[in-house]
Structures are given as C-alpha cells and as structure tokens.
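Chains as they are written, first to last, in the numbering used here: chain A, 171 to 307; chain B, 104 to 205. Cβ coordinates follow ideal geometry from the N, Cα and C atoms, glycine included.
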C-alpha cells in the first residue's frame, strides 16, 4: 500500500499519494517504538520534502531515523532539519532532545528465571537497564 | 554473540547503577542453559512464556534477534539495537554511560 502511494506521488498525484499514506498508516504493523515496520515513513517523508513541507517531513521520519537508524531515514531527517532551520546548526542537540521525546515508556512484564522465581521488570526502575531478547543458536 | 559482551559490560557497571536482563524468546531451555553455563552469564536471565503470556512479540512487536533496548532510569526505551556485530558493544557502552551520567 505504501508503495502504491509512492507510485502516485511519482506520477505527480501528490495529494492522492498522501491520502494513501494516511490510510496505510492505520493498517500497517507498527514496531514497539512507534513507527510502521514498512517503508511507509520513507515514502511519506520524501513526498513531504518534495512539497517543501519540512516540518511535517521531520516529524514523520524522526522516529524511524532516530530509533531504528538506517542511512536513508537518517539522510531524510537531516534534509528535513536543514530545510526547516536553514542549516545544520544545533542538529546534534536536536537529535538528543527528539530521542528523549520519542522514547516510549517500556511496558512492564513479569517472567520467570530458570529456577522458576518470578521477576517484575518495573522493580528495576531507577536503574539504567539493558534488556536483550535473544535465542540460543 | 551478544550476551558474553553484555557480561563484560555488566561486570564493569554493575555497581554504578546498571542492570542487565536477557529474555530467551523461544523457550529452548536446554540449549539456553548450556550456553549460559559455558559463558558464565550472571545477570538476570529470564524465560519468555508461551501462548497469551508470550511478551516478546505480544508486548514489543520484536520478531528479529537479538533485539536490545537501553532503558533509562525513568523506564523509557531510549535506544534500540537490532542484530549484533563485533564492535557494537562500543556504541552500547557509550549509550549506557550517557544514561548513567544523566
């Protein structure tokens, strides 16, 4: 669906493309940190950049670029920032402020250890925590 | 493999306010325990549940491994890493330090 919207944009039908993106975002699966797992945000941000809508492009691509990274998303975020602010001054500070703004509250869980004792994740509050989901290979 | 690197980081920062939790996603208990023993892992090691109690995909939509979150003192997931290559632990350590100093 996201690709269809992007195809419309490339045919010059920008408004129709944006309508498709708005529908696509409701049905595409979302990663925990908030952004759709598809390329929707990439297409959407590119479209907004083409229209010179830097502020909206920035909000659209920021979660993907900051939380998941990736060269294309990061490049689009920087373009949006430069477009909006007329230069890259303050970009590093912006990245950190935005990251803290986007970072979602981590949902609590209770799971057993290998002796069967239950552990509640929120009991670790107040500490910096690394949480890794893994499986043995 | 990521977990032995996490053990090194754990030993370095355990007295400075860091905790480390690893959740084995697919309940391959025998292989997991063998690995944990071989690598002398000593941080929190938990097992995912099955069915409706399953949290890895259910709570966090995580379907690729390893997937690692760095969570600040207020319980916000500030950094996310997918996969692991040699050297990634350097970036991870920087992020931990930044949050410990915050």
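Excluding five sequence positions before and after residue 218 of chain A, the CB atoms of its chain that fall closer than 7 angstroms to its own CB belong to 226, 227 and 230, given in chain order.
For the C-beta of residue 178 of chain B, the chain A residues within less than 8 angstroms are, from N- to C-terminus, 275, 276, 292 and 295. Of the candidates B:113, B:157, B:114 and B:176, B:157 places its Cα closest to the Cα of residue 126 of chain B. Contact between the stretch 144-158 of chain B and the stretch 274-283 of chain A is present, with at least three C-beta pairs closer than 8 angstroms. The Cβ-Cβ distance between residue 173 of chain B and residue 182 of chain B falls below 7 angstroms. No Cβ of chain B is located within less than 7 angstroms of the beta carbon of residue 211 of chain A.
Cα atoms of residue 172 of chain A and residue 190 of chain A: separation of roughly 7 angstroms, rounded to the nearest angstrom. The beta carbon of residue 200 of chain B sits no closer than 7 angstroms to any beta carbon of chain A. A distance below 6 angstroms between beta-carbons, with the five flanking residues on each side excluded, links residue 201 of chain A to the following residues of its chain, in chain order: 207.
A distance of 7 angstroms or more separates the beta carbons of residue 303 of chain A and residue 135 of chain B. In the three-state reduction of the DSSP assignment, residue 174 of chain B falls in the strand class, which pools E and B. Chain B has a Cβ within less than 7 angstroms of the Cβ of residue 306 of chain A. Contact annotation: residue 250 of chain A and residue 224 of chain A have beta-carbon atoms nearer than 7 angstroms.
Listed in chain order, the positions of the stretch 147-166 of chain B with a beta carbon within less than 7 angstroms of a beta carbon of chain A are 147, 148, 149, 150, 151, 152, 158, 159, 162, 163, 164 and 165.
Taking one beta carbon from each stretch, the stretch 285-300 of chain A and the stretch 116-124 of chain B have 3 or more pairs nearer than 8 angstroms; the two touch. Note on the stretch 224-295 of chain A: whole alpha helix (DSSP H) runs with a minimum of 4 residues are 224-233, 241-255 and 261-272, in chain order.
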